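Here's the structure, in structure tokens; my notes come after.
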Amino acid sequence: MNQKRIISLLAAGTEIVCALGLEDQLVGRSHECDYPESILNRPVCSSAMLDPTANSLEIDKQVKGALTDALSFYQIDRELIKQLKPNVIITQTQCEVCAVSFSDVEKALENLLDYPVEIISLEPDNLNAIFNDIKTVSEILGVPERGADLLDRMHERQEIIKHKLKFITQKPTVACIEWIEPLMMAGNWTPEMVEIAGGQSVLAISGKHSPMIDWMDLVQADPEILVVMPCGFDIGRTLKEMDTLLQNPYFKDLQAVKNNKLFVADGNQYFNRSGPRIIDSVEILAEIINPKQFIFGYEGEGWIKFSA
């Protein structure tokens, strides 16, 4: 196996590299790559132009302003990349806002290195696409058998949930909020995960981008279970923003809120990362939707019940 020098500018990409047993070949990471903790000593090759401490509405305004001015949301340290001498860089084309993008990397590499670099660009929009990305990365990095083993373990965990719920006919409606203000629902792979975990996803379609919705859409759907999992926010950060939801006059009338079926989940570590821990996200949803059938041990760390 040829030794690679990998820079991953995508948190999910970093997790895939490490799950394939190639952590020793990771020479650089993005500012968002924070798992596993053992990679925190790697040089950070990017930074965010957005204010990470701003609230959802302020971040949304910054994003819209940058889009209007055709500005990038991220800065890449060209000099550091040159010093690290990578021959593989992992990035993504799924979302210009969520992480360093393929176009950011292309611009950064322009006239920078005097040798070819393989750019692996991931663009998953459903679970199968995530599995295919893991397969692709394992093949490009020369460890296809490790990729196959990793995928076997992930599929096995998914099948355990499916098998246990095989004969359950009562499937509650579930809405997953990916951004609080303005209101956006979790699309892409999240609706599919809800279905696997025994729920009926509402207000978002599997394989489609996360949709912006009006409050009246949420009121009319009136989900039985509501999970708040903002993109890039951990539980603590989300709790600071819950007042925005609570202050909406319609919120307390939702049956999920009235019936104490309101939950906050760690979007940053789990649901927003299209890597190996996406199966952890399915297990979290299974615990939330079918608590009598599943206890995986994520409560308190991956999700909490929120009393409005």
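When we follow the numbering used here, the leftmost residue of the sequence shown carries the number 103, and every step to the right adds one.
C-beta: ideal position from N, C-alpha, C; glycine also.
All values reported here derive from a predicted model rather than from experimental measurement.
For I118, no beta strand (DSSP E) segment is defined; the enclosing uninterrupted segment is the alpha helix (DSSP H) at 113-121.
Taken through DSSP and simplified to helix, strand or coil, Q177 comes out as strand. A residue is called buried once 16 or more other Cβ atoms fall within 10 Å of its Cβ, and V321, having fewer, is exposed. When rounded, the separation of the alpha-carbon atoms in I406 and D336 is 11 Å. V384: not part of any beta strand (DSSP E); member of the alpha helix (DSSP H) spanning 380-391, first to last residue. Below 8 Å, too few C-beta pairs join the stretch 136-146 and the stretch 155-165 to call them touching: fewer than three.
Each of A367, K363, Y372, E125 was checked against the Cα of S240, and the nearest Cα belongs to E125. Along the length of the stretch 303-331, whole beta strand (DSSP E) runs at least 3 residues long occupy 327-330, reported in chain order. DSSP, read as helix, strand or coil, puts G249 in helix. Residue range 364-367 is occupied by the beta strand (DSSP E) that includes F365.
L224 carries a strand assignment under DSSP once its states are collapsed to helix, strand and coil. Counting every other CB atom within 10 Å of its CB across the protein chains shown gives K342 a total below 16, marking it as exposed. In this structure, DSSP gives A358 a helical state, which the three-state scheme calls helix. With distances taken between CA atoms, T275 lies nearest to D324 out of N234, R379, D324. Distance from the CA of G289 to the CA of T346, rounded to the nearest whole angstrom, comes to 21 Å.
Note on geometry: alpha-carbon atoms of S205 and I270 lie some 46 Å from one another. For V239, the enclosing alpha helix (DSSP H) covers residues 229-242. Its Cα nearest to that of G309, the residue L229 stands out among K360, L229, P332, F408. DSSP, read as helix, strand or coil, puts M344 in helix. Here the alpha carbons of K184 and M314 stand approximately 40 Å from one another. Taking 7 Å as the cut-off, the Cβ atoms of N189 and R131 do not count as close. Per DSSP, reduced to three states, the secondary structure at L182 is helical.
Straight through space, the alpha carbons of A358 and Y217 are spaced by roughly 56 Å. The beta carbon of L152 sits closer than 8 Å to the beta carbons of I161, Q164, V165, A168, F175 from its chain, once the five residues preceding and following it are set aside; these are given in chain order. Approximately 7 Å separates the beta-carbon atoms of V207 and L111; this is inside 8 Å, confirming the contact. According to the DSSP assignment, T193 belongs to the beta strand (DSSP E) that extends over 190-194.
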